[in-house]
Amino acid sequence: MRDSSSPEMPVATSAATSAPAASASAKSSKVTPRHGFMPLLLGLLAVTAWLGVQAWQLEQDRQQLLATQATMAPTLDKAGQLRRSLDLLAADTQRLADGGNGNARLLVDELRKRGITINPNSPPVQPAASATR
Numbered sequence: 008m009r010d011s012s013s014p015e016m017p018v019a020t021s022a023a024t025s026a027p028a029a030s031a032s033a034k035s036s037k038v039t040p041r042h043g044f045m046p047l048l049l050g051l052l053a054v055t056a057w058l059g060v061q062a063w064q065l066e067q068d069r070q071q072l073l074a075t076q077a078t079m080a081p082t083l084d085k086a087g088q089l090r091r092s093l094d095l096l097a098a099d100t101q102r103l104a105d106g107g108n109g110n111a112r113l114l115v116d117e118l119r120k121r122g123i124t125i126n127p128n129s130p131p132v133q134p135a136a137s138a139t140r
C-alpha cells in the first residue's frame, strides 16, 4: 500500500518527451530569414537627420555672423576714420620735426624708439571695403 502523503513520480513516456522537441523544430522552421533592409534604412535615416541638423546649425551660425558683421560696420568705419586722422596727425608732426621743431623731433624720436615709424609722404590709408554678400 502506498502512503498518500508521499509524492508519486510520474512515469515519462517517449511521446511526452518528444513533444517539446517536435514543437521546437516546428517553430524554427517558421522563422523567416532576416534582411538587412530595416537596419540599413534606419542608419540612412539617422545619417540624413544628422546632416539636416548640421546644415540647419551652419545656416543659423551664418545668419548670426552676418548680423554681427552688420552691427560692427559703423564701429569699423569710425575706427578707420580715427586711423586716418591719426596718420595725418603723425605725418604733420613728422613734417614739423623735419622743419626743425624741437618738440616734434622729441615726439618722433620717442615714437621711433617704440617701433612706430612715420612716413609723411605716404598716401592716407583707404578704408577697407566691407565684405558683404
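In the working numbering, the protein residues as written are 8 to 140. Heads up, the beta-carbon is just placed ideally off N, CA and C, and yes, glycines get one too.
Does the beta-carbon of residue i have 16 or more other beta-carbons within 10 angstroms, so that it is buried, or is it exposed?
i	result
A97	buried
D84	exposed
V115	buried
T55	exposed
A142	Absent from the structure is residue 142, since the part of the chain shown begins at 8 and ends at 140.
Q71	exposed
A62	exposed
A104	buried
Could you give the distance in angstroms between the alpha-carbon of residue i and the alpha-carbon of residue j?
i	j	result
L58	T124	52 Å
A111	R119	12 Å
L51	R41	18 Å
Q101	T78	36 Å
R140	V60	Only weak support is given to the placement of R140: the predicted model assigns it a pLDDT of 47, under 50, and the value that follows is read from those uncertain coordinates. Each residue's alpha carbon lies about 24 Å from the other.
Q67	A80	20 Å
P127	T82	27 Å
L95	R69	37 Å
G106	A86	30 Å
Go through its chain and collect everything with a Cβ distance to residue i's Cβ below 8 Å, but skip five positions before and after it.
i	result
G109	none
For residue i and chain C, any beta-carbon pair shorter than 8 Å?
i	result
F44	The displayed structure is made up of one protein chain only, and chain C is not part of it.
Uninterrupted beta strand (DSSP E) stretches inside the segment 22 to 98 (no shorter than 3 residues): none
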